[in-house]
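A quick write-up on the structure given underneath.
In UniProt numbering, the protein residues as written are 1 to 229.
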């Protein structure tokens, strides 16, 4: 779940991005409206957290341009996070196409809850828990359990497994997984996905009664499937 955080306040951007990464989300940051507009024109994100008062392009203009593009990118959910919390600003932001609006100052717990709700809505699945065999993922706590016990995962392993279990019965290409797991500034190549898939498989195979596996579809990608008993 790759998120774009558009915020020119360095300390706040660091604080918010760290909190979201601790919640096993991949976060990229942009400090100007122009940079955000360029990224949104060329990259796919699960969610945009957008300040309004930005250098080099106002956040409202960034939102207008995003919605005007249409298509899958144009429909990316947007959470406005701004000090401009007056009624007129909130109404304008929602009318321009924002999905949610949170005024500063804010509580981190509320931001995380709103982010999780928008991500669930975007996936087209409002279910609070995704399951495959004895593997389950709670979208509220953002924790995996396997055979009734917590499943220990690194942040990257967590991101790979979440992308797969959130799309039951659908194959994801290596390229799509890479986009969801890694930020642009990460110094890794596409083959890293194979490494993380291999590590997750080993953890799932420790419990043969778990009934969950990642299957490779040659030339297509990976799919999460229940393992026959």
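Every residue, glycine too, gets a C-beta built ideally from N, C-alpha and C.
Only a predicted model underlies this, so the values are computations on that prediction, with no experimental measurement involved.
By a C-beta neighbour count over all protein chains shown, 10 Å radius and 16 as the cutoff for buried, is residue 220 buried or exposed?
exposed
Ignore the nearest five residues each way along the sequence and tell me which others in residue 188's own chain have a CB closer than 7 angstroms to its CB.
182
Where DSSP assigns a beta bridge to residue 149, which residues make up the other side?
146
Applying the criterion that 16 or more other CB atoms from any shown protein chain within 10 Å of the CB defines a buried residue, is residue 91 buried or exposed?
exposed
Pull the bridge partners of residue 80 from the DSSP assignment, please.
50 and 101
Here's the rule: buried if 16 or more other CB atoms are within 10 angstroms of the residue's CB, otherwise exposed. What is residue 77?
buried
Extract the residue ranges of the beta strand (DSSP E) inside the UniProt DNA-binding region "OmpR/PhoB-type" (127-226), only unbroken runs of 3 or more that lie entirely within it.
129-132, 135-138, 143-146, 212-217 and 221-226
Have a look at 212, 216 and 217 and flag the residue whose alpha-carbon is nearest the alpha-carbon of residue 227.
212
Taking the Cβ atom as the reference point for each residue, do residue 171 and residue 135 lie within a distance shorter than 9 angstroms?
no
Helix, strand or coil at residue 32 according to DSSP, with G and I counted as helix:
coil
Only counting the same chain, and skipping five residues up and downstream in sequence, which positions put a Cβ closer than 7 angstroms to that of residue 153?
144 and 161
If the criterion is Cβ atoms closer than 9 angstroms, does the pair residue 3 and residue 48 meet it?
yes
So the candidates are 52, 65, 72 and 108; which of them puts its Cα closest to the Cα of residue 32?
52
Would you tell me roughly how many angstroms separate the C-alpha atoms of residue 73 and residue 121, rounded to the nearest one?
15 angstroms
Three-state secondary structure assigned by DSSP to residue 25
coil
Pick from 97, 195 and 54: whose alpha carbon is nearest that of residue 157?
195
Using 9 angstroms as the threshold, is the C-beta distance between residue 159 and residue 180 below it?
yes
Residues near residue 140 by beta carbon distance below 7 angstroms, same chain, minus five either side:
116 and 128
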